[in-house]
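Residue numbers (our numbering): 47 to 330.
Built from N, CA and C at the ideal position, the CB exists for glycine as well.
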């Protein structure tokens, strides 16, 4: 199976959930801006194979798009790492998980990122530089990484809620992204379908290593214990309790890279980084 065939097949995993409606990917969304500014990038081309098989419209809020490195869907030898992030709380479809498309551009440092976001009037992921540095410290080869969002499927009719929030934005002096993010986070995420879709992604992608960043993905795969005690341990590897995951038996728990996250400090970060690096050495 070549890269195009693999991504077309991956597209079918998402299509029934209607979380990437094609008509919402308008010119000013993060994806379309990236396709204009980095037209030669592998992701700028390959994401179209995924989108062409999605529904035109949906009554759900859109989720962040997954991102994959240029070698993930190839026969090249390498350790394939599946990273489960958390929703950026952007308004709708069109954003890319973790802004990974920019993170994998070697010339894009934090200052360049801030300028890029400002100049293109995009919503800002404030901890982008922190997240990039963390992944580098982990020793992950981003060419072999697949990054997806844990918060995926929102209830039906949430587009009406979005219209309400847009009206509230115009009436407030607070930061727009904070207002929207706070409100969107209060929505009743469809946990059952979000978990179901995540499991399907994992089984399709067949990773060598799974990493959860933050609590949402962690609790999808392991609900018996809280995250923080795991992060205090020198080995943050945890067994997968989601019965439908058939390609892996365990995953690595890690804190979500964020300035306001109380667990994104040593020893939590150190423990997860060391666990990831040990596993990468063992696989290689």
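Residue nearest to residue i in terms of C-alpha spacing, selected from the options
| i | options | result |
| --- | --- | --- |
| residue 112 | 280, 65, 123 | 65 |
| residue 254 | 305, 235, 190 | 190 |
| residue 151 | 243, 287, 164, 83 | 83 |
| residue 78 | 145, 155, 252, 183 | 145 |
| residue 269 | 257, 285, 278 | 285 |
| residue 192 | 247, 309, 63 | 247 |
| residue 271 | 93, 142, 287 | 287 |
| residue 184 | 47, 256, 85 | 256 |
| residue 166 | 242, 73, 265 | 73 |
| residue 320 | 85, 174, 180 | 180 |
| residue 63 | 157, 242, 47, 114 | 242 |
| residue 142 | 174, 123, 161 | 174 |
Straight-line Cα distance separating residue j from residue i
| i | j | result |
| --- | --- | --- |
| residue 121 | residue 188 | 16 Å |
| residue 312 | residue 302 | 13 Å |
| residue 59 | residue 98 | 13 Å |
| residue 250 | residue 56 | 7 Å |
| residue 306 | residue 87 | 32 Å |
| residue 70 | residue 236 | 21 Å |
| residue 172 | residue 159 | 10 Å |
| residue 328 | residue 295 | 16 Å |
| residue 276 | residue 147 | 30 Å |
| residue 110 | residue 330 | 31 Å |
| residue 61 | residue 96 | 9 Å |
| residue 155 | residue 176 | 11 Å |
| residue 274 | residue 314 | 8 Å |
| residue 324 | residue 101 | 41 Å |
| residue 238 | residue 157 | 39 Å |
| residue 85 | residue 308 | 38 Å |
Beta-carbon contacts of residue i that lie in its chain and below 6 Å, excluding the five residues immediately before and after
| i | result |
| --- | --- |
| residue 290 | 245 |
| residue 196 | 130, 132, 262, 263 |
| residue 103 | 67, 69 |
| residue 228 | Below a pLDDT of 50, predicted positions are generally treated as unreliable, and residue 228, at 39, falls in that range; no measurement from the model is reported. |
| residue 116 | 88, 189 |
Whether residue i touches residue j by CB criterion (8 Å)
| i | j | result |
| --- | --- | --- |
| residue 322 | residue 298 | yes |
| residue 300 | residue 267 | no |
| residue 326 | residue 125 | yes |
| residue 127 | residue 186 | yes |
| residue 240 | residue 178 | no |
Contacts around residue i, its chain only, beta-carbon distance under 7 Å, and the 5 residues preceding and following it disregarded
| i | result |
| --- | --- |
| residue 119 | 49, 52, 53 |
| residue 200 | 106, 107, 233, 235, 236 |
| residue 81 | 90 |
| residue 163 | 170 |
| residue 93 | 77, 111 |
| residue 252 | 293 |
| residue 168 | 76, 79 |
Chain C within 8 Å of residue i, Cβ atoms only
| i | result |
| --- | --- |
| residue 102 | Included in the structure is just one protein chain, with no chain C present. |
Neighbourhood of residue i by C-beta, 8 Å cutoff - its chain only, sequence neighbours within 5 removed
| i | result |
| --- | --- |
| residue 317 | 277, 278, 279, 280, 281, 282 |
| residue 149 | 174, 177, 178, 181, 188 |
| residue 265 | 273 |
(request) Could I get the ranges of all uninterrupted beta strand (DSSP E) runs contained in the segment 229–302, with 3 residues as the minimum, in chain order? (result) Annotation: the segment 229–302 contains the following complete segments of the beta strand (DSSP E) (minimum length 3 residues), in chain order: 255–259, 283–285, 296–300.
(request) Could you pull out every unbroken alpha helix (DSSP H) segment of at least 4 residues lying fully inside the segment 81–155, listed in chain order? (result) List check, alpha helix (DSSP H) in window: 88–97, 146–149.
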